[in-house]
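Per UniProt numbering, the very first residue in the sequence shown carries number 1; after that it's consecutive.
The block underneath contains the structure these notes are about, expressed in structure tokens.
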Amino acid sequence: MNIEDKMTRRKVIGGIGAGLATVAVAPVLGATEPAFASTGSTGQQIQDPRNKYPKPPFKGQSQPWPGLAAEMDPKPDHGETSYKGSGRLKGRKALITGGDSGMGRAAAIAYAREGADVAINYLPAEEADARDVVKLINAAGRKAVAIPGDLREESFCTRLVNEAVRALGGLDILVSNAARQQTHESILDISTEQFDWTMKTNIYAPFWIIKAALPHLKPGSVIIGTTSEQATDPSAELYDYAQTKAATTSFVRSLAKQLAPKGIRVNGVAPGPIWTPLQVSGGATQEKLKSFGGDTPLGRPGQPVELASIYVQLAAEDASYATGQIYGSTGGAGQP
Ligand code: NAD
Ligand code: MG
């Protein structure tokens, strides 16, 4: 994949600067099992991905929907202290839905540190999380625009885009990331109201937002959707949610073909089990939460920060030939 190519290339370039000592370390890897090994040629610590972040068993925990990252135990890592930018998105203007927590927050922090101004949308109940994100964007020296509101209303989706465009002075990165996920053991437990809620949030809102954004997107702009491994490997208890993710993967591929002639790239990110408020506010059963991510080959859930570089890569100018793609990050199980 492009990301791997890029990382390998960077390592090689960094390795030259870092001298032979770095190269000499390579054969040692794999011979022993250092959990937190030496510093790599990128200047970042090389770490064993199995031990890098918390693993199950987790405490049972439940929050009223939509949940707050600040109240999770352990707290998710969105890159607050670790993400380092290198000017890859300098001067860009991004709108991220669900930018208060989870993958959206990780993308917001990374985009700001890469030099972009960032508008985030979230629900009014998430103001506390959103405030933390605004502070982090400002601390990166970039403009932060906070636009709370419910995406189930077409009129709000239109206003969201217009406000973001006005406040940012344009728009060239749209991350459609917000979603609703509630677990139901049986299809019989899903009311028409619940079904409609999931469809409105996950399918209608991106449709309305993209329609509103399109007139503002110049050639070189990007749209990124957050889909899921659920698109291709749906869980029994996520009947309604999983089909919305199949729809997301599909709209990414369709729109990529439709918008390539306008110079607009459209891609998707497909996470596996990631430690976010969505999971502790009805997205997973208590039983699943306690062992969350334990059944992946890496044996743990992902943290939002582990996907940040994918959102950056898909938005960056040097990914100019990537469109219609779904980039997975699943800990080894599931395919995008
Ligand atoms: P999250 O709870 O941090 O983010 C979801 C966000 O959606 C919320 O913060 C909220 O602001 C927003 N949202 C929901 N309903 C809304 C509405 N009606 N109006 C406005 N905003 C609304 O959780 P997350 O896991 O980071 O979710 C982000 C994306 O990742 C979603 O698209 C989700 O489907 C996808 N995803 C998550 C996982 C996982 O395991 N966490 C796995 C695969 C895909
Ligand atoms: Mg949230």
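Don't be surprised by glycine CBs; every beta carbon is placed ideally from N, CA and C.
Given the structure is predicted, the values throughout are model-derived calculations rather than measurements.
Cα-Cα separation, I190 to Q182 | Within the sequence shown, the letter at position 190 stands for residue 190. Within the sequence shown, the letter at position 182 stands for residue 182. Roughly 10 angstroms between the two C-alpha positions.
Would you kindly work out how many angstroms separate the C-alpha atoms of P54 and I274, rounded to a whole number?
-> The residue labelled residue 54 in the question sits at position 54 within the sequence shown. The residue labelled residue 274 in the question sits at position 274 within the sequence shown. Approximately 11 angstroms, taken between the alpha carbons.
Please state if the CB of P271 and the CB of S228 are separated by a distance shorter than 8 angstroms.
-> As a position in the sequence shown, residue 228 is number 228, starting the count at 1. As a position in the sequence shown, residue 271 is number 271, starting the count at 1. Yes. Within cutoff.
Nearest candidate by alpha-carbon position, reference D172, set E154, A112 and V222 = Locating residue 172 in the sequence shown gives position 172, where the first residue counts as 1. For D172, the nearest C-alpha among the options comes from V222.
Where does P57 fall in DSSP's three states?
-> If you number the sequence shown from 1, residue 57 lands on position 57. Three-state DSSP puts P57 in coil, outside helix and strand.
Report the residue from L95, K135 and R105 whose alpha carbon sits nearest the alpha carbon of I210.
-> Numbered from its first residue, the sequence shown carries residue 210 at position 210. That would be L95, whose Cα lies nearest to the Cα of I210.
What residue range is occupied by the uninterrupted alpha helix (DSSP H) comprising N138?
-> Your numbering for residue 138 matches position 138 in the sequence shown. E127 to A139 is the extent of the alpha helix (DSSP H) around N138.
Using the beta-carbon count (16 or more within 10 Å), is I187 buried or exposed?
-> As a position in the sequence shown, residue 187 is number 187, starting the count at 1. It is exposed - the Cβ of I187 has fewer than 16 other Cβ atoms within 10 Å.
Which residue from E185, T323, D77 and P49 puts its Cα closest to that of P261?
-> The count along the sequence shown starts at 1 and reaches residue 261 at position 261. Ranking the options by Cα distance to P261, first place goes to T323.
Paired residues, beta bridge with S62 - DSSP | Working through the sequence shown from its first residue, we reach residue 62 at position 62. Paired residues: none, contrary to the question.
Skipping 5 residues on each side, what residues in its chain have a beta carbon closer than 7 angstroms to that of Q325?
-> Taking the sequence shown and counting its residues from 1, the one referred to as residue 325 is at position 325. Same-chain partners within the cutoff: N267.
May I have the straight-line CA-CA distance separating A21 from G85, to the nearest angstrom?
-> Residue mapping note: residue 21 aligns to position 21 of the sequence shown, counting from 1. Residue mapping note: residue 85 aligns to position 85 of the sequence shown, counting from 1. Since pLDDT at A21 reaches only 36, below the 50 mark, its modelled position is unreliable, and no value is offered.
Spatial distance of M72 from A231 (CA atoms) = Here residue 72 is taken as the residue at index 72 of the sequence shown, counted from 1. Here residue 231 is taken as the residue at index 231 of the sequence shown, counted from 1. Roughly 26 angstroms between the two C-alpha positions.
Tell me whether A31 sits in a helix, a strand or coil according to DSSP, three-state version.
-> Walking along the sequence shown from the start, residue 31 turns up at place 31. Residue placement at A31 is poorly supported in this model, since its pLDDT is 37, which falls under 50; the coordinates still yield a value, given next. Looking at A31 - three-state DSSP - the assignment turns out to be coil, as it is neither helix nor strand.
Please report the residue range of the beta strand (DSSP E) in which G268 lies.
-> Along the sequence shown, read from residue 1 onward, the residue named residue 268 stands at position 268. Counting along the chain, the beta strand (DSSP E) containing G268 begins and ends at R265 to P271.
Do D132 and A70 have their CB atoms nearer than 8 angstroms?
-> In the sequence shown, residue 132 corresponds to position 132, counting from 1. In the sequence shown, residue 70 corresponds to position 70, counting from 1. Yes, Cβ-Cβ distance for D132 and A70 is below 8 angstroms.
Would you please state the rounded distance, in angstroms, between the beta carbons of A146 and V134? I believe it to be under 8 angstroms.
-> Residue mapping note: residue 146 aligns to position 146 of the sequence shown, counting from 1. Residue mapping note: residue 134 aligns to position 134 of the sequence shown, counting from 1. With a contact defined as Cβ atoms closer than 8 angstroms, A146 and V134 qualify at about 5 angstroms.
Distance, Cα to Cα, A112 vs V312?
-> The residue given as residue 112 occupies position 112 in the sequence shown. The residue given as residue 312 occupies position 312 in the sequence shown. Computed Cα separation, rounded: 10 angstroms.
Three-state secondary structure assigned by DSSP to P148 = Residue mapping note: residue 148 aligns to position 148 of the sequence shown, counting from 1. DSSP places P148 within a strand segment (E or B) once states are collapsed to three.
Exposed or buried, what is N202 when buried is set at 16 or more other beta-carbons lying within 10 Å of its beta-carbon?
-> Your numbering for residue 202 matches position 202 in the sequence shown. Classification of N202: buried, given that the 10 Å Cβ count is 16 or more.
C-beta contact flag for L289 and Q279 at 8 angstroms = Within the sequence shown, the letter at position 289 stands for residue 289. Within the sequence shown, the letter at position 279 stands for residue 279. Yes; because the gap between Cβ atoms is below 8 angstroms, this pair is in contact.
List the endpoints of the continuous alpha helix (DSSP H) containing I209.
-> Taking the sequence shown and counting its residues from 1, one reaches residue 209 at position 209. Segment A205 to A213, the alpha helix (DSSP H) holding I209.
Check: Q194 C-beta below 7 angstroms from any heavy atom of the ligand NAD | The count along the sequence shown starts at 1 and reaches residue 194 at position 194. No, since every heavy atom of the ligand NAD falls outside the 7 angstroms radius drawn around the Cβ of Q194.
Can P206 and S176 be called in contact, C-beta distance under 8 angstroms?
-> Along the sequence shown, read from residue 1 onward, the residue named residue 206 stands at position 206. Along the sequence shown, read from residue 1 onward, the residue named residue 176 stands at position 176. Yes, they are a contact pair.
What is the C-beta distance between S235 and P66, in whole angstroms, given that I count them as a contact (C-beta under 8 angstroms)?
-> Mapped onto the sequence shown, residue 235 falls at position 235. Mapped onto the sequence shown, residue 66 falls at position 66. The pair is not a contact, with the Cβ atoms about 20 angstroms apart (cut-off 8 angstroms).
Just curious, the beta strand (DSSP E) that A94 is in, first and last residue?
-> Here residue 94 corresponds to residue number 94 of the sequence shown, with the count starting at 1. Looking at the DSSP string, the run of the beta strand (DSSP E) that includes A94 is K93 to T97.
Near the ligand MG: G283 beta-carbon under 7 angstroms from a heavy atom | As a position in the sequence shown, residue 283 is number 283, starting the count at 1. No, the Cβ of G283 stays beyond 7 angstroms of every heavy atom of the ligand MG.
Whose CA, out of S101, L151, A139 and G115, lies closest to the CA of E127?
-> Residue 127 sits at position 127 when you count from the first residue of the sequence shown. It is S101 whose Cα lies nearest to the Cα of E127.
DSSP-derived helix/strand/coil call for G324 = Within the sequence shown, the letter at position 324 stands for residue 324. Coil, per DSSP.
Buried or exposed: N138, going by 16 or more other Cβ atoms within 10 Å of its Cβ?
-> Numbered from its first residue, the sequence shown carries residue 138 at position 138. By the neighbour-count rule (16 or more Cβ atoms within 10 Å), N138 is not buried but exposed.
With DSSP collapsed to three states, give me the class of Y122.
-> Indexing the sequence shown from 1 puts residue 122 at position 122. Note: Y122 maps to strand in three-state DSSP.
So what does DSSP say about S101, is it helix, strand or coil?
-> Residue numbering aside, residue 101 sits at position 101 when the sequence shown is read from its first letter. In the structure shown, S101 sits in coil (DSSP, three-state: anything other than H, G, I, E or B).
Would you say the beta carbon of N51 comes nearer than 7 angstroms to a heavy atom of the ligand NAD?
-> Within the sequence shown, numbered from 1, the residue matching residue 51 stands at position 51. Result no, Cβ not under 7 angstroms from the ligand NAD.
Buried versus exposed call for K75 [16 or more other C-beta atoms within 10 Å across all chains shown] | Along the sequence shown, one-based indexing puts residue 75 at 75. Looking at its Cβ environment, which holds fewer than 16 other Cβ atoms inside 10 Å, K75 is exposed.
Are the Cβ atoms of P148 and L123 separated by less than 8 angstroms?
-> Residue numbering aside, residue 148 sits at position 148 when the sequence shown is read from its first letter. Residue numbering aside, residue 123 sits at position 123 when the sequence shown is read from its first letter. Yes, these two residues count as a Cβ contact at 8 angstroms.
Put Q45 into one of helix, strand or coil per three-state DSSP.
-> Taking the first residue of the sequence shown as position 1, residue 45 is located at position 45. Strand at Q45.
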